[in-house]
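Please read the structure below before turning to the comments.
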Amino acid sequence: MRLRNRESSDSVVSEAPEGESPNPQRARITVWIYGLFLVSLVGLGIWYAVYSYYHYSGPGEIRVERTLLSPERDGRIQNIYPEEGETVLRGDSVMLIDPGQASEPDAATAVVQLRRENQQRAQLLGQRIENLQQELARKRRRLARLRERKVLELDNTEPRRNQLEEDIYQLQDDIDELRVQRRQALQNASELNDATDNPDPESAPFVVTAPHNGRVHRTHEREYSVVEAGTPVLSLTRPSPPVVTLAYLNRDLTGYVQRDDTVQVYLPDGSSTRGVIRETYSTAQEFAEVKYDIYRPYATQLLAKIAPTNRQVKERWQDLDRVKVDVEGEIGSR
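Quick note on numbering: my numbering labels position 305 of the sequence shown as 416, and the sequence is numbered without any gaps.
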């Protein structure tokens with residue numbers, strides 16, 4: 112293609128490329144696409160920040176309220192009457208505890224053995240006293256014969272008489288001492304006999320009764336196990352027990368999660384149920400009344416106690432006792 116420069120008297124001819132000229136509109140469209148992409152990223156980031164600020168979530172666990180039955184004193188479980196899953200009424204006997212066998216299972220046997228030993232000792236002492244009395248009687252007869260010989264002046268019996276008199280005095284002292292020991296042994300045996308016949312009321316077996324109607328959910332201990340006072344032995348569930356969901360929410364720093372806020376509780380099957388926050392506790396503070404085994408919280412999270420919104424939700428939660436769930440909520444949702 113030939114071009115002429117009209118402003119100059121000289122003719123200048125240059126060669127231009129063949130074909131269509133470049134389209135500047137295509138470059139503009141590319142710039143707009145990149146710009147829209149960047150704006151979308153910024154908008155998505157802003158939306159995510161706002162959404163994350165106003166929305167919260169966390170793991171949770173459904174819990175059906177149970178009554179833990181435990182003995183009031185240390186003891187050995189003699190009997191657990193109801194089976195797991197069995198229904199009991201208020202006042203029914205649920206277990207028999209023998210406190211006399213708590214720390215020393217053979218205490219009664221030891222008392223009986225000690226009483227037997229004292230009785231045997233008293234018998235042995237009585238036998239020995241009888242033998243010494245027989246020997247004392249023989250020596251007294253010999254002494255009487257020696258005195259008769261002295262009267263008849265048959266021979267000199269003074270040394271033998273003196274020795275017999277000393278032996279008699281010594282035997283009498285031994286008999287008196289053995290009698291004291293025998294009386295002490297008999298007294299000990301009598302006291303031990305009274306102890307076994309009249310046991311301490313604190314060591315008498317006692318029965319634990321059901322405080323209300325309910326179903327035995329779990330047996331924590333077996334029969335003949337030694338348990339301490341306050342150790343859970345049975346779990347009793349009421350016919351219509353309270354049900355809550357405990358959840359750790361990542362909103363303890365903002366402080367916007369409040370009571371009566373509505374949250375979504377997602378069950379293991381993927382379905383969603385609604386709950387209402389009834390109580391909140393900061394995990395930055397110690398709260399020993401709640402134990403949570405599934406999840407260990409951070410120091411800045413919030414423990415929420417969530418109640419079901421209606422009877423249908425409560426029945427669904429009641430069938431999922433101790434099951435892990437997911438909780439999601441929005442700040443200010445009512």
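Every residue gets a Cβ at the ideal spot worked out from N, C-alpha and C, and that includes glycine. Computed from a predicted model, the values in this text were never measured in an experiment.
Taking the continuous beta strand (DSSP E) assigned at Arg422, which residues delimit it? Following the DSSP letters along the chain, one finds Arg422 in no beta strand (DSSP E) but inside the alpha helix (DSSP H) bounded by residues Arg422 to Gln429.
Three Cβ pairs or more, each shorter than 8 Å: is that satisfied between the stretch 344 to 351 and the stretch 199 to 206? yes
Once DSSP output is grouped into helix, strand and coil, what is the label at Gly341? coil
In this structure, what does DSSP give as the bridge partners for Tyr165? In DSSP, Tyr165 forms no bridge with anything.
Less than 8 Å between the C-beta atoms of Ile173 and Leu431, yes or no? yes
Residue interval of the beta strand (DSSP E) (run including Ala415): Leu413 to Pro419
For a quick check, are the C-beta atoms of Asp437 and Ala321 less than 8 Å apart? In terms of Cβ geometry, Asp437 and Ala321 do not form a close pair [threshold 8 Å].
By how many angstroms is the C-alpha of Val223 removed from the C-alpha of Leu282? 34 Å
Nearest by alpha-carbon distance to Pro210: which of Tyr162, Arg253, Glu228 and Glu339 is it? Glu339
How should Arg433 be labelled, buried or exposed, when 16 other C-beta atoms within 10 angstroms of its C-beta is the threshold for buried? exposed
With C-beta atoms as the reference, is Glu426 less than 8 Å away from His166? no
Chain-order list of residues whose beta-carbon lies under 8 Å from that of Leu254 (same chain, five-residue window excluded): Arg272, Leu275, Glu276 and Ile279
On the three-state DSSP scale, how would you describe Glu441? In the structure shown, Glu441 sits in a strand (DSSP, three-state: E or B).
Could you give the C-beta distance for Ala418 and Gly381, rounded to a whole number, given that I count them as a contact under 8 Å? Actually they do not touch by this definition, with Cβ atoms about 22 Å apart.
So, is Asn229 buried or exposed, given that buried needs 16 or more other C-beta atoms within 10 angstroms? buried
Work out the CA separation of Pro343 and Asp185 for me, nearest whole Å. Rounded to whole angstroms, the separation of the alpha carbons of Pro343 and Asp185 is 12 Å.
So what's Asn242 in DSSP terms, helix, strand or just coil? helix
Would you kindly work out how many angstroms separate the C-alpha atoms of Gly171 and Pro353, rounded to a whole number? 17 Å
If you pair each beta-carbon of the stretch 146 to 158 with each one of the stretch 322 to 337, do three or more pairs fall below 8 Å? no
DSSP puts Ser393 in a beta bridge; with which residues? Leu413
Excluding the five sequence neighbours on either side, which residues of its own chain have a C-beta within less than 7 Å of the C-beta of Val355, listed in chain order? Arg174, Lys416, Ile417 and Ala418
Boundaries (first-last residue) of the beta strand (DSSP E) holding Ser204: Ser204 to Asp209
Per DSSP, what are the beta-bridge partners of Lys435 in this structure? DSSP links Lys435 through a beta bridge to Glu172.
According to DSSP, is Leu200 helix, strand or coil? coil
Compare the C-alpha of Ser168 against each of Leu360, Leu413, Glu390 and Pro379 and name the closest. The shortest Cα separation from Ser168 among Leu360, Leu413, Glu390 and Pro379 belongs to Leu360.
What is the DSSP secondary structure of Met112, reduced to helix, strand or coil? Confidence at Met112 is low in this model, with a pLDDT of 48, below 50, so its placement is unreliable and the value that follows should be read with caution. The answer is coil: DSSP assigns Met112 none of H, G, I, E or B.
Reference Pro316; option with closest CA among Ile140, Arg177, Glu183 and Val161: Considering only alpha carbons, the answer is Glu183.
Smallest Cα separation from Ser181: which of Tyr367, Val318, Glu302 and Leu289? With distances taken between CA atoms, Ser181 lies nearest to Val318 out of Tyr367, Val318, Glu302 and Leu289.
Less than 8 Å separating the beta-carbons of Glu195 and Arg389? no
Are there 16 or more other CB atoms within 10 angstroms of the CB of Trp428, so buried, or fewer, so exposed? buried
Going by DSSP in three states, Gln369 sits in which element: helix, strand or coil? coil
Is there a Cβ from chain C that is less than 8 Å from the Cβ of Ser204? Note that chain C does not occur in the displayed structure, where there is just one protein chain.
Can you give me the C-alpha to C-alpha distance between Leu357 and Gln189, rounded to a whole angstrom? 36 Å
For Arg290, which of Leu413, Gln238 and Val161 has the nearest alpha-carbon? Gln238
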